[in-house]
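Participant: Take a look at this one; I'll ask things after.
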Amino acid sequence: MQEHEHPMLPSPDKAHDHERTDVHPAAILKFAVGLTIAVILVDAGLRLDFVEMQKHDPVVEEPVTGDPDERVPPAPQLQISDAADLKTFRRAEDDRLSSYGWIDGERQFARIPIAAAMNQVVDHGLPRWPAATGAAAAPEKQESRRPGPALNNPSNRQESERKP
Numbered sequence: 002m003q004e005h006e007h008p009m010l011p012s013p014d015k016a017h018d019h020e021r022t023d024v025h026p027a028a029i030l031k032f033a034v035g036l037t038i039a040v041i042l043v044d045a046g047l048r049l050d051f052v053e054m055q056k057h058d059p060v061v062e063e064p065v066t067g068d069p070d071e072r073v074p075p076a077p078q079l080q081i082s083d084a085a086d087l088k089t090f091r092r093a094e095d096d097r098l099s100s101y102g103w104i105d106g107e108r109q110f111a112r113i114p115i116a117a118a119m120n121q122v123v124d125h126g127l128p129r130w131p132a133a134t135g136a137a138a139a140p141e142k143q144e145s146r147r148p149g150p151a152l153n154n155p156s157n158r159q160e161s162e163r164k165p
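Be aware that the sequence shown starts at 2, since it is given in this note's numbering, and climbs by one per residue.
In structure tokens form, the structure reads like this:
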């Protein structure tokens with residue numbers, strides 16, 4: 002049986018030989034030359050573009066005038082008393098949540114206090130919500146403790162007009 006030489010393996014008589022079938026030095030050289038030319042062309046194009054941009058929008062340095070102390074930016078507006086600021090914020094939110102007012106006067110959307118809203122839900126139920134049946138239904142309708150003013154919201158008007 003005769004041994005055939007494999008093209009990927011070095012020949013036994015040459016101890017320090019390299020693989021000759023996969024590497025093409027001419028292709029590597031062409032790639033290196035092409036890459037060098039591409040880098041040179043991109044560099045030249047960017048330089049020309051930069052020169053054109055400077056022609057259209059030149060950099061104008063304004064002279065520095067005045068006292069250096071006057072050119073200092075203003076100090077940051079830091080929060081001095083975070084506890085007092087939080088207390089003020091919460092008081093304003095509580096006032097807003099417990100008073101009547103307009104959200105959008107043109108479209109006639111108003112806000113009502115939370116307590117009044119809960120009373121209206123107890124008295125009239127939620128709009129477009131199925132009524133409770135069976136044991137979950139309230140035995141008697143209780144009088145509202147604090148009736149709220151009628152809102153000009155069309156959905157509330159339609160809901161109240163449907164009820165007997």
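Ideal Cβ placement from N, Cα and C applies to all residues, glycine included.
How would you write the range of the alpha helix (DSSP H) that G35 sits in, first residue to last?
Facilitator: 26-57
Participant: Do I104 and R91 have their C-beta atoms within less than 8 Å of each other?
Facilitator: no
Participant: Answer yes or no: do P77 and S100 have a C-beta to C-beta separation smaller than 8 Å?
Facilitator: no
Participant: Comparing alpha-carbon positions, which option in P74, K31, A116, D44 lies nearest D96?
Facilitator: Comparing Cα-Cα distances from D96 to each of P74, K31, A116, D44, the minimum goes to A116.
Participant: Between which two residues does the alpha helix (DSSP H) containing D23 stretch?
Facilitator: Note, D23: premise wrong, no alpha helix (DSSP H); not H, not E.
Participant: Just verifying my parser: in three-state terms, what is the DSSP assignment at R112?
Facilitator: strand
Participant: Check P148 in the structure and name its three-state DSSP category.
Facilitator: Only weak support is given to the placement of P148: the predicted model assigns it a pLDDT of 47, under 50, and the value that follows is read from those uncertain coordinates. Note: P148 maps to coil in three-state DSSP.
Participant: For G46 and L36, I'd like the C-alpha separation in whole angstroms.
Facilitator: 15 Å
Participant: Helix, strand or coil, according to DSSP, for N154 in the structure here?
Facilitator: Summary for N154: the model assigns pLDDT 44, below 50, so the residue's position carries little reliability; its value from the coordinates is reported in the next sentence. Here N154 sits in coil by DSSP.
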